[in-house]
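Student: Mind looking over this structure? Questions follow.
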Amino acid sequence: MKILIVDDEEELASTLAERLSLRGIDGRYALSGDEALRLATEEHFDVAVLDIKMPKLGGIQLKQRLQELRPGMRFLFLTGHGSDRDFEAGVTEVGEKYYLVKPLDIEQLIAKIRDLLRR
Amino acid sequence: MHRRFALRPLFWSLEGEPVGPYRPLFHFRRLWKTAVLLTLFVVLSPLGFMAVVDHRLSREVIERDIHYQTMRLVANTRQNITFFLSERKSSLAFIERDNTYEGLSQPLRLTALLDTLQKSFGDFTDLGVVNAEGLQHTYVGPYTLGGINYRDEEWFQVARETGIYISEVFLGFRRQPHLVVAVKDDLPNGSFYILRTSIGLNTLNRILGELEVSGQGDLFLVNREGVLQTPSRMFGPALEKIPLRMPPYADWIQVIEEAYGSETLVIGYAYIPDTPFVLLAVKNKANLMASWQKSRREWSFFLAGSVFAIVLVILGVSTHLVNQIYLADRQRTAMLHHMEYANKMASLGRLSAGIAHEINNPLAIINEKAGLIRDLFLLKKDYAEDPKLLALVDSIHKSVERCSRITRRLLHFARPSEGRVEELQIGEVIEEVLGFLGKEAEHRSIRVSVAVAPGTPMIRADRGRMQEIFLNLVDNAFGAMEDGGRLEIEARPVEGGLQVRVADNGCGIPAADLQRIFEPFFTTKDERGGTGLGLSITYGLVEEAGGRIEVSSEVGKGTEFRLFFPMTAPPARPKESRT
Chain A
1490 MKILIVDDEE ELASTLAERL SLRGIDGRYA LSGDEALRLA TEEHFDVAVL
1540 DIKMPKLGGI QLKQRLQELR PGMRFLFLTG HGSDRDFEAG VTEVGEKYYL
1590 VKPLDIEQLI AKIRDLLRR
Chain B
53 MHRRFALRPL FWSLEGEPVG PYRPLFHFRR LWKTAVLLTL FVVLSPLGFM
103 AVVDHRLSRE VIERDIHYQT MRLVANTRQN ITFFLSERKS SLAFIERDNT
153 YEGLSQPLRL TALLDTLQKS FGDFTDLGVV NAEGLQHTYV GPYTLGGINY
203 RDEEWFQVAR ETGIYISEVF LGFRRQPHLV VAVKDDLPNG SFYILRTSIG
253 LNTLNRILGE LEVSGQGDLF LVNREGVLQT PSRMFGPALE KIPLRMPPYA
303 DWIQVIEEAY GSETLVIGYA YIPDTPFVLL AVKNKANLMA SWQKSRREWS
353 FFLAGSVFAI VLVILGVSTH LVNQIYLADR QRTAMLHHME YANKMASLGR
403 LSAGIAHEIN NPLAIINEKA GLIRDLFLLK KDYAEDPKLL ALVDSIHKSV
453 ERCSRITRRL LHFARPSEGR VEELQIGEVI EEVLGFLGKE AEHRSIRVSV
503 AVAPGTPMIR ADRGRMQEIF LNLVDNAFGA MEDGGRLEIE ARPVEGGLQV
553 RVADNGCGIP AADLQRIFEP FFTTKDERGG TGLGLSITYG LVEEAGGRIE
603 VSSEVGKGTE FRLFFPMTAP PARPKESRT
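Going down the list, the sequences are from chains A and B. Using our numbering, you'd call the opening residue of the first sequence number 1490 and step up by one each time. Using our numbering, you'd call the opening residue of the second sequence number 53 and step up by one each time.
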């Protein structure tokens, strides 16, 4: 099981990836949409965890690009819940159960990932 | 205790009404007064004018009618009297022509003639024949007047000269008022004689008395000195002098008005030609006008009632309308309050959302780092002296530091504005505002450049209000721009103060809207929840700070706000520009 974490906060992305790895999940991270796309072309990921708000390429747009690239890929979204507008737009697009609000709980994240992969 | 008059409208006393932007739009008491006075003037002045004109016209008509009636009465009576006298004159002239002087000089013949006259007319008392020397040589009648010489009498002189004489009324021997008529007849030998008769006044009195004079009036004859020739209801029996000034001689009938005591008399008169008589018709004007006065009084009551009703209605309607305007104005003020509050809350909500996002990121990092430490303790055996753990703890500290920076800034920013004026560096204020909106700019790839020119002076203003001004302007610019836009903020010294330019390359504002953007409630972003108060409040805040704000815009190219603030401090140290 390979997970791609995309967040412009390196501290957050790297720590999350490491914690997943400690639990036996292969977690990789990217700091921008471009980097994520590059990684996705090189490797296969089962699930991508995307921050909604990122400079240049936001989570929602990145999801579409990744889906074109890797049709089988599943997605989870992270949000700082910063702006109601973005949050609501995202929720309607991907559904509330694929949403995680920062700061998040690692066990909940893993549960969601497993849940996503069972479908 | 002061008690409010129950009928006093709400707007009458406006103590405690707000001043400044929430003051009432009108001076309601003045508005009410103007409305009442104008309406009263417009309604009552034509009414008053018409009432006066009608009063004068109807009075003139009545007076003219009274004069006309009096004139007609005098004309008819004059005709009757003239006829009465000429009848008697003609009778004497007929007798003279029908008889010879010698025949008339015989008492028997004269007696027969007097008898005939008395039977025909009734009021002939006697008959006498007077020769050219003035001697009444033949006389028939109830008195012994035969042989009297009238040569030196006035009537004889007049009759000799003019051929006819009619005397004034006098008592004579019988102590009965009567008059004398004498007619001269020329003889073939060049001499003459005069036939003379006394006439009682019964017939004449009957003629005058029978005429009904309206308005308790009076109709009588006087001589030219004002002595009554016939009895008068008002002034007594014949031969009394009337207490009125004699009217001046006139050929034809005249009607005049004369004051008599407290009353006004309408006097119609005619000088009867070839006689000493003046016919007078005297009426009391007040009696004649009584019916008109009565109808006037009734009309006046009606008019006063109407005026009272009009005044009442005008007062009521004006009060009601002004009160409605007052209530609407109060509603407007309340709405303005409400909208400003809503706008404040919306700003606060936006601010909170930004802050939550800002803080959630470092919190997430703290969370993950702490989580990782826990993982390392639980999942790995060799944690002691592990440099990784120290790095993790450092990282946690850094995130905590980042959080506290945000909260410090937040406290600095959100401190309620109390109108506390302090020396401010405009660049600092702009940086503080961008501290909150910077993240949005980053996410939307909006390039924001801030340039504070060297020598830009400090300003004295309230920090919170200045932040609100720039927050509104920057937020507005962000709203107008597509992602990837450019916002330029420049501050530079100008004469007397400093100018700040906030320019975006957004959608721009159409010229028609540009004139109205500072008006309260004017908004073009209804669908995005704009209250239309942001720029209006900004405008108010800039003015409050003693500054002014201008705007220019071009659709499709962008909008530029220029703010001018007066200088209150010497130029600050040159500050580096940042892009």
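Glycine included, every Cβ here is placed at the ideal spot set by N, Cα and C.
DSSP three-state label for B/H79, please.
Tutor: Counting from one through the second sequence, the residue named residue 79 of chain B turns up at place 27. Reduced to three states, the DSSP call for B/H79 is coil.
Student: May I ask you to report which of helix, strand or coil DSSP gives B/R512?
Tutor: Indexing the second sequence from 1 puts residue 512 of chain B at position 460. The answer is strand: DSSP assigns B/R512 an E or B state.
Student: Nearest by alpha-carbon distance to B/A311: which of B/Y301, B/A290 and B/A338 is it?
Tutor: Here residue 311 of chain B refers to the residue found at position 259 of the second sequence. Comparing Cα positions, the closest option is B/A338.
Student: How would you label B/A361, buried or exposed, when you count the other beta carbons within 10 angstroms and need 16 or more for buried?
Tutor: Along the second sequence, one-based indexing puts residue 361 of chain B at 309. When all chains shown are included, B/A361 counts as exposed.
Student: By alpha-carbon positions, which one of B/I478, B/P562, B/S497 and B/T282 ends up nearest to B/R553?
Tutor: If you number the second sequence from 1, residue 553 of chain B lands on position 501. B/R553 has its Cα closest to that of B/I478, out of B/I478, B/P562, B/S497 and B/T282.
Student: May I have a chain-ordered list of the alpha helix (DSSP H) segments no shorter than 4 residues that lie completely inside the segment 1499-1565 of chain A?
Tutor: The qualifying runs are 1499-1511, 1522-1531 and 1548-1558.
Student: Pick out whichever of B/P509, B/M341 and B/E492 has its Cα sitting closest to the Cα of B/S110.
Tutor: Sequence index remark: in the second sequence, residue 110 of chain B carries index 58 (1-based). Here the closest residue by C-alpha is B/M341.
Student: Okay, do the segment 178-192 of chain B and the segment 111-118 of chain B touch, 3+ Cβ pairs below 8 Å being the bar?
Tutor: Segments in contact, no.
Student: What does a CB cutoff of less than 6 Å around B/T316 pick up in its chain, not counting 5 residues either side in sequence?
Tutor: Indexing the second sequence from 1 puts residue 316 of chain B at position 264. So the qualifying residues of the chain are E309 and K337.
Student: Can you check whether the C-beta of B/H409 is within less than 8 Å of a C-beta belonging to chain A?
Tutor: Taking the second sequence and counting its residues from 1, one reaches residue 409 of chain B at position 357. Judged by the 8 Å Cβ criterion, B/H409 is in contact with chain A.
Student: Kindly list the residues whose CB is nearer than 8 Å to the CB of B/Q170, restricted to its own chain and excluding five residues on each side of it in sequence; keep chain order.
Tutor: Along the second sequence, read from residue 1 onward, the residue named residue 170 of chain B stands at position 118. Within the same chain, B/Q170 has close Cβ partners F176.
Student: Report buried or exposed for B/P509, applying the criterion of at least 16 other Cβ atoms within 10 angstroms of its Cβ.
Tutor: The residue given as residue 509 of chain B occupies position 457 in the second sequence. The residue is buried, with at least 16 neighbouring Cβ atoms inside 10 Å.
Student: Could you name the residues of the segment 417-435 of chain B whose beta carbon sits closer than 8 Å to any beta carbon of chain A, in the order they occur along the chain?
Tutor: Against chain A - using a Cβ distance shorter than 8 Å - the residues of the segment 417-435 of chain B are I417, I418, N419, E420, K421, G423, L424, D427, L428, L431 and K432.
Student: Under 8 Å between beta-carbons, which chain A residues line up against B/H495? List them in chain order, please.
Tutor: Here residue 495 of chain B is taken as the residue at index 443 of the second sequence, counted from 1. The contacting residues are K1542, M1543, P1544 and G1547.
Student: Tell me which same chain residues have a C-beta within less than 6 Å of the C-beta of B/P289, skipping the five on either side of it?
Tutor: One-based indexing of the second sequence puts residue 289 of chain B at position 237. Excluding residues within five positions, the ones whose Cβ falls inside 6 Å are P283.
Student: Which word fits B/F353, buried or exposed, when buried means at least 16 other C-beta atoms lie within 10 angstroms of its C-beta?
Tutor: Working through the second sequence from its first residue, we reach residue 353 of chain B at position 301. Exposed, because fewer than 16 other Cβ atoms sit within 10 Å of the Cβ of B/F353.
Student: Given that A/E1507 touches chain B, what residues does it touch there, using C-beta distances under 7 Å?
Tutor: Reading the first sequence from its first residue, position 18 is the one you call residue 1507 of chain A. Simply L424.
Student: Can you tell me whether B/V607 is helix, strand or coil according to DSSP?
Tutor: Numbered from 1 along the second sequence, position 555 holds the residue referred to as residue 607 of chain B. Reduced to three states, the DSSP call for B/V607 is coil.
Student: What did DSSP end up calling B/E292 once you bin it into helix, strand or coil?
Tutor: In the second sequence, the residue the question calls residue 292 of chain B occupies position 240. DSSP places B/E292 in coil when its eight states are reduced to three.
Student: Could you tell me the distance, in whole angstroms, from the CA atom of B/T44 to the CA atom of B/Y591?
Tutor: Lying outside 53 to 631, the shown extent of chain B, residue 44 of chain B is not represented and no answer is given.
Student: Between B/V369 and B/Y378, what straight-line distance do the alpha-carbon atoms span, to the nearest angstrom?
Tutor: Here residue 369 of chain B corresponds to residue number 317 of the second sequence, with the count starting at 1. Here residue 378 of chain B corresponds to residue number 326 of the second sequence, with the count starting at 1. Near 14 Å, if we compare the C-alpha coordinates of B/Y378 and B/V369.
Student: Chain A beta carbons: is any one of them nearer than 8 Å to that of B/N524?
Tutor: Residue mapping note: residue 524 of chain B aligns to position 472 of the second sequence, counting from 1. So no, B/N524 is outside the interface.
Student: Only counting the same chain, and skipping five residues up and downstream in sequence, which positions put a Cβ closer than 7 Å to that of B/G610?
Tutor: Taking the second sequence and counting its residues from 1, the one referred to as residue 610 of chain B is at position 558. Only A555, D556, N557, G558 and G560 meet the Cβ criterion.
Student: Just tell me which of A/I1599, A/G1561 and A/V1590 has its CA closest to the CA of A/A1529.
Tutor: Start at 1 with the first residue of the first sequence, and residue 1529 of chain A comes out as number 40. Of A/I1599, A/G1561 and A/V1590, the residue nearest in Cα terms is A/G1561.
Student: What is the DSSP secondary structure of B/I561, counted as helix, strand or coil?
Tutor: Mapped onto the second sequence, residue 561 of chain B falls at position 509. Coil, per DSSP.
Student: Could you give the first and the last residue of the continuous beta strand (DSSP E) run that contains B/A20?
Tutor: Residue 20 of chain B falls outside the range modelled here, since chain B spans only 53 to 631, and no answer is possible.
Student: By Cβ distance, which residues of its chain are closer than 8 Å to B/E579, with the 5 residues on each side in sequence left out?
Tutor: Residue 579 of chain B sits at position 527 when you count from the first residue of the second sequence. With a pLDDT of only 48 at B/E579, under the threshold of 50, the placement of this residue in the model should not be trusted; the figure read from the coordinates follows. Contacts found: none.
Student: How long is the line joining the alpha carbons of B/A405 and B/N412, rounded to whole angstroms?
Tutor: Here residue 405 of chain B corresponds to residue number 353 of the second sequence, with the count starting at 1. Here residue 412 of chain B corresponds to residue number 360 of the second sequence, with the count starting at 1. Roughly 10 Å separates the two Cα atoms.
Student: Give me whichever residues DSSP pairs with B/S284 in a beta bridge.
Tutor: In the second sequence, the residue the question calls residue 284 of chain B occupies position 232. Looking at the DSSP assignment, B/S284 forms a beta bridge with B/G288.
Student: How many Å lie between B/W84 and B/L92 at the Cα?
Tutor: Counting from one through the second sequence, the residue named residue 84 of chain B turns up at place 32. Counting from one through the second sequence, the residue named residue 92 of chain B turns up at place 40. Computed Cα separation, rounded: 12 Å.
Student: For the segment 1508-1542 of chain A, which residues have a CB atom closer than 7 Å to at least one CB atom of chain B, in sequence order?
Tutor: Those residues of the segment 1508-1542 of chain A that come within reach of chain B (Cβ to Cβ, closer than 7 Å) are R1508, L1511 and K1542.
Student: Measuring only the C-alpha atoms, how far is B/V95 from B/V363?
Tutor: As a position in the second sequence, residue 95 of chain B is number 43, starting the count at 1. As a position in the second sequence, residue 363 of chain B is number 311, starting the count at 1. C-alpha separation (whole angstroms): 9 Å.
Student: Interface residues of chain A around B/L415 at Cβ under 8 Å?
Tutor: The sequence position of residue 415 of chain B within the second sequence is 363, counting from 1. The contacting residues are K1591 and P1592.
Student: Considering only C-alpha positions, which residue in the set B/G548, B/I200, B/A164 and B/I417 is nearest to A/K1591?
Tutor: Working through the first sequence from its first residue, we reach residue 1591 of chain A at position 102. With distances taken between Cα atoms, A/K1591 lies closest to B/I417.
Student: Just to check my reading of the structure: A/L1511 and B/D427 have Cβ atoms closer than 8 Å, yes? What is that Cβ distance to the nearest angstrom?
Tutor: On the first sequence, residue 1511 of chain A is found 22 positions in, with the first residue counted as 1. On the second sequence, residue 427 of chain B is found 375 positions in, with the first residue counted as 1. So it is a contact: roughly 5 Å between Cβ atoms.
Student: Going by DSSP, name the residue or residues bridged to B/F272.
Tutor: Numbered from its first residue, the second sequence carries residue 272 of chain B at position 220. DSSP lists B/L332 as partners of B/F272.
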